[in-house]
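Protein sequence lines correspond, in order, to chains A and B.
Read left to right, the first sequence gives residues 1 to 245 (the numbering used here).
Read left to right, the second sequence gives residues 246 to 559 (the numbering used here).
Idealized CB from N, CA, C, for every residue including glycine.
Here the structure is laid out as structure tokens; the discussion comes afterwards.
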Amino acid sequence: MNVKTSTSFALKHALWEFKLNARNGEQILLLVIIPVIVYFALTRTSFIGGASWNAQNALSVAVTIATLAAGFTSLAIATAFERRSGTLLYMGTTPVTRFELVLGKSLSTFLLALVSSFALCVVALITGWQPTSKALLLIGVLLVGTLSVSGYAFLMAGTLRAEAVLALANGIFVVVLMFGGVIFQYDGFGATLASLFPPRALLILNEWAVDVASPTDSPVWLSAMVLISWGILGILLASKFFKWR
Amino acid sequence: MLTPTSHEDRDDRIVEACAITLDYGSGQGIFDISFSLGSGVTVLAGNNGAGKTTLMESLQGLRNPQSGSVRILGLDTFRHRAQLALQTGSVLQGVTPYPTAKPREFLAYLGRLYPTARGANELMDIFQIPDTKSIKTLSGGEVQRLNCAAALVGAPKVVFLDEPTAGLDPGGRADLYGILREQALHGVVMLITTHLTEDIDQLADRALVLTQGNLTADVSKKSLASTEALTFKCRTNLPTAQLLSALPLESTARETVKGHYLITAQSHIGSEVIATVEAWCAQNGTQPENLSVGVETLSSVVLSKLSKDSSQIS
């Protein structure tokens, strides 16, 4: 495998998919509008936690949601329908290898998460967030966060029917938002348990990057290890079970 | 199994399939298929379920045969799929990739994947594809033309087109065939599947016929040029073996479809052959109608094979 050629094909494919996704109304709803609504709901109302949240805390939650939406829900649904329509098989007739295709799709997802998070940061800046230079680390967190769940998106898309993926990916997304320790937070054992799963672990890293005033006491390195471990497991499972047609 | 045709030079072996078998069980799949392809248009004909798509995908390395090998330009198609993809183009049956993309940007994206690519604008013009907001707004014929254009983006040496005219009306098919034939003049090897026998003569130089997963005919226009044919209609199920015994050596006699008969001969079909046919019909209590002498065509050979296949199934 020629690394330079593979990177080039993966980048070309990533930009191509990013272009198609970026003008898809459903994607924009999922990746930008919903996280922005969540941000404003947290900062402007007291529905959750009994008081309105500060910009840092709300931003870290919104960025986590956007990353999970891009890296899991959106990727799973798009890939499942591409598999059903034969697009994935068609790409097998082009010079793009399967590895480059998967890498390209993952990079495209990361770009979507990046753009969505950038939009959220702009909204947060306008509404009072005062970032430090550490905020730049959000880019790295987004990359690790996207890759931590993308393997599971490929696993679902490559093993289930497209309609089932559509229902399941959206369902999991809602369940994660409600019970994953992202919006509604746990104390004690519940918090420890939740931090062993990607949504909560990603939130901890995002809180660290945006410099929240009272971060979760779980160590950042542990959250990073949780994300990397889940990511590796997901990629291994996907590469074993993914079916291209 | 048909023996691979003999060839004079390497250009006739750009695609080489050697004894490939992919058995799905219950008689489905392709069995011990061997042939080679050179430049020009070859049609792969067969009834539904004959194994055309399985064979096309095996040739492109999208399916891995249980035995046998496929080589394109000397490279194993399964092991060197990505490398060969730089020199091949493809239309997959029923697949329209990226329906939300604009036709021009889709062709432009594909062009960026090949070292020597044809321009999106050039292909849009040749294939008369309108530049709409998205591929999904194109008509069925326009989509098929776009798929064919996409197959040619990388200026390929070999093109596999699986039912590229499915769903097109006769006018649309004729237009597309014209464009494809013109492209084939530039030395491209084209293998096209179809189940529409009436189109074969205007499209192809050669025809391969698949019957229940087996290659049952491999004929070229060149090989048929010296073969004269006599066609006629009369009562069905007459004993053609009886007629054959009265015809000159190297003749063939068969009922192609119910009540339609075809006689071929390597020599000129004259009044003696016609008299033999009339005598044979009279002997069986009937008379031949619509007697017509001409050169045998690819479509008549394919049709006779396919109708025989259908009668075996039924």
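Helix, strand or coil for R357 of chain B per DSSP?
-> Indexing the second sequence from 1 puts residue 357 of chain B at position 112. R357 of chain B falls in the coil class under three-state DSSP.
Can you tell which of B:L469, B:I371 and B:A290 has the C-alpha that lies nearest to the C-alpha of Q428 of chain B?
-> As a position in the second sequence, residue 428 of chain B is number 183, starting the count at 1. Q428 of chain B has its Cα closest to that of B:I371, out of B:L469, B:I371 and B:A290.
Could you tell me which chain A residues have their CB closer than 7 Å to the CB of R357 of chain B, listed as they occur along the chain?
-> Taking the second sequence and counting its residues from 1, one reaches residue 357 of chain B at position 112. What R357 of chain B touches in chain A: K12.
Give, in chain order, every residue of the region 96 to 110 of chain A whose Cβ lies closer than 7 Å to some Cβ of chain B.
-> V96 and T97
Top-ranked residue by Cα proximity to V547 of chain B, from B:L421, B:L383 and B:A449 | Numbered from its first residue, the second sequence carries residue 547 of chain B at position 302. Of the listed residues, the one whose Cα sits closest to V547 of chain B is B:A449.
With 8 Å set as the bound, which would you pick, yes or no: does the beta-carbon of V340 of chain B sit closer than that to a beta-carbon of chain A?
-> For the purposes of this step, residue 340 of chain B is taken as the residue at position 95 of the second sequence. It does: the Cβ of V340 of chain B has a partner Cβ on chain A nearer than 8 Å.
Check whether the region 318 to 332 of chain B touches the region 65 to 85 of chain A, counting contact only when three or more Cβ pairs, one atom from each stretch, lie closer than 8 Å.
-> no
Identity of the residues DSSP links to I508 of chain B by a beta bridge | If you number the second sequence from 1, residue 508 of chain B lands on position 263. In the DSSP output, where bridge partners are listed per residue, I508 of chain B has B:L475 and B:A498.
Since M225 of chain A sits in a beta bridge, which residues does DSSP pair it with?
-> The residue given as residue 225 of chain A occupies position 225 in the first sequence. In DSSP, M225 of chain A forms no bridge with anything.
Determine the contact status of S545 of chain B and L507 of chain B, defining contact as a CB-CB distance below 8 Å.
-> As a first step, residue 545 of chain B is located in the second sequence; it is residue number 300 there, counting from the start. As a first step, residue 507 of chain B is located in the second sequence; it is residue number 262 there, counting from the start. Contact flag set, yes.
Just curious, the alpha helix (DSSP H) that A167 of chain A is in, first and last residue?
-> Within the first sequence, numbered from 1, the residue matching residue 167 of chain A stands at position 167. Its alpha helix (DSSP H) spans residues A162 to F179.
For P409 of chain B versus V433 of chain B, is the C-beta spacing smaller than 8 Å?
-> Locating residue 409 of chain B in the second sequence gives position 164, where the first residue counts as 1. Locating residue 433 of chain B in the second sequence gives position 188, where the first residue counts as 1. Cβ atoms of P409 of chain B and V433 of chain B: not closer than 8 Å.
For chain B, find out if any of its Cβ atoms is closer than 8 Å to the Cβ of L89 of chain A; answer yes or no.
-> Counting from 1 along the first sequence, the entry for residue 89 of chain A is found at position 89. Output row for L89 of chain A: interface = yes.
Closest by C-alpha distance to L236 of chain A, when choosing among A:A153, A:T5, A:I28 and A:Y90 = Your numbering for residue 236 of chain A matches position 236 in the first sequence. The option with the nearest alpha carbon to L236 of chain A is A:A153.
Are G180 of chain A and A194 of chain A close, meaning C-beta to C-beta below 8 Å?
-> Counted from its first residue, the first sequence places residue 180 of chain A at position 180. Counted from its first residue, the first sequence places residue 194 of chain A at position 194. For G180 of chain A and A194 of chain A, yes; Cβs fall inside 8 Å.
Minimum length 4: unbroken alpha helix (DSSP H) runs contained in the region 189 to 216 of chain A | 198 to 210
Using DSSP with H/G/I as helix, E/B as strand and the rest coil, what is A264 of chain B?
-> Sequence index remark: in the second sequence, residue 264 of chain B carries index 19 (1-based). Correct three-state label for A264 of chain B: strand.
Proximal chain B residues relative to W16 of chain A, where beta-carbon distance stays under 7 Å = As a working note, residue 16 of chain A is residue 16 in the first sequence. Neighbours of W16 of chain A on chain B, chain order: Y354.
Would you mind giving the Cβ-Cβ distance between G458 of chain B and T481 of chain B, rounded to the nearest angstrom? I have them listed as a contact below 8 Å.
-> Counting from one through the second sequence, the residue named residue 458 of chain B turns up at place 213. Counting from one through the second sequence, the residue named residue 481 of chain B turns up at place 236. Wrong, their Cβ atoms sit about 28 Å apart, outside the cutoff.
To the nearest angstrom, how far is it from the Cα of T594 of chain B to the Cα of A262 of chain B?
-> What is shown of chain B runs 246 to 559, which leaves residue 594 of chain B out entirely.
Kindly list the residues whose CB is nearer than 8 Å to the CB of L489 of chain B, restricted to its own chain and excluding five residues on each side of it in sequence; keep chain order.
-> Start at 1 with the first residue of the second sequence, and residue 489 of chain B comes out as number 244. Within the same chain, L489 of chain B has close Cβ partners S496, T497 and A498.
Own chain, CB closer than 8 Å to S6 of chain A, minus 5 neighbours either side, in chain order = Indexing the first sequence from 1 puts residue 6 of chain A at position 6. Hits under 8 Å: T97, F99, E100 and L103.
Which runs of the alpha helix (DSSP H) spanning at least 4 residues fall entirely within the region 110 to 171 of chain A, listed in chain order?
-> 138 to 157
Straight-line CA distance for V141 of chain A to L11 of chain A?
-> Residue numbering aside, residue 141 of chain A sits at position 141 when the first sequence is read from its first letter. Residue numbering aside, residue 11 of chain A sits at position 11 when the first sequence is read from its first letter. Cα to Cα, V141 of chain A sits roughly 20 Å from L11 of chain A.
Should M225 of chain A be labelled buried (16 or more other beta-carbon atoms within 10 Å of its own) or exposed?
-> Locating residue 225 of chain A in the first sequence gives position 225, where the first residue counts as 1. With fewer than 16 Cβ atoms within 10 Å of its Cβ, M225 of chain A is classed as exposed.
Does the distance from the C-beta atom of A257 of chain A to that of A113 of chain A stay below 8 Å?
-> Because chain A here runs from 1 to 245, residue 257 of chain A falls outside it and cannot be looked at.
Using the Cα positions of R200 of chain A and A80 of chain A, report the straight-line distance between them to the nearest angstrom.
-> Here residue 200 of chain A refers to the residue found at position 200 of the first sequence. Here residue 80 of chain A refers to the residue found at position 80 of the first sequence. Roughly 26 Å between the two C-alpha positions.
Do you know offhand how far C479 of chain B's Cα is from T521 of chain B's?
-> Along the second sequence, read from residue 1 onward, the residue named residue 479 of chain B stands at position 234. Along the second sequence, read from residue 1 onward, the residue named residue 521 of chain B stands at position 276. Cα to Cα, the separation comes out at about 14 Å.
Under 8 Å, do L89 of chain A and L267 of chain B count as touching if we go by C-beta distance?
-> The residue given as residue 89 of chain A occupies position 89 in the first sequence. The residue given as residue 267 of chain B occupies position 22 in the second sequence. Their beta carbons are not under 8 Å apart, which means L89 of chain A does not touch L267 of chain B by this criterion.
With respect to the beta strand (DSSP E) encompassing V540 of chain B, which residues constitute its N-terminal and C-terminal limits?
-> In the second sequence, the residue the question calls residue 540 of chain B occupies position 295. Note, V540 of chain B: beta strand (DSSP E), E534 to V540.
Given a cut-off of 8 Å, decide if V63 of chain A and F138 of chain A are closer than it, judged by their beta-carbon atoms.
-> Indexing the first sequence from 1 puts residue 138 of chain A at position 138. Indexing the first sequence from 1 puts residue 63 of chain A at position 63. The sequence given here has Leu at residue 138 of chain A, not Phe. Going by C-beta atoms, L138 of chain A is nearer than 8 Å to V63 of chain A.
If you measure from the CB of P342 of chain B, is any heavy atom of the ligand FAD nearer than 7 Å?
-> Here there are no bound small molecules, and the ligand FAD is not part of this structure.
Please name the residue in B:L307, B:T485 and B:Q373 whose C-alpha comes closest to that of G386 of chain B.
-> As a first step, residue 386 of chain B is located in the second sequence; it is residue number 141 there, counting from the start. Among B:L307, B:T485 and B:Q373, the Cα nearest to that of G386 of chain B is on B:Q373.
Quick one: grab the DSSP three-state call for N398 of chain B.
-> Translated into the one-based positions of the second sequence, residue 398 of chain B becomes position 153. Looking at the sequence shown, residue 398 of chain B is not Asn but Val. Here V398 of chain B sits in coil by DSSP.
Within the chosen definition, does the region 436 to 448 of chain B reach the region 467 to 478 of chain B through at least 3 CB pairs nearer than 8 Å?
-> no
Is the Cβ-Cβ distance between L42 of chain A and I48 of chain A less than 8 Å?
-> Stepping through the first sequence from its first residue, residue 42 of chain A is reached at position 42. Stepping through the first sequence from its first residue, residue 48 of chain A is reached at position 48. Going by C-beta atoms, L42 of chain A is nearer than 8 Å to I48 of chain A.
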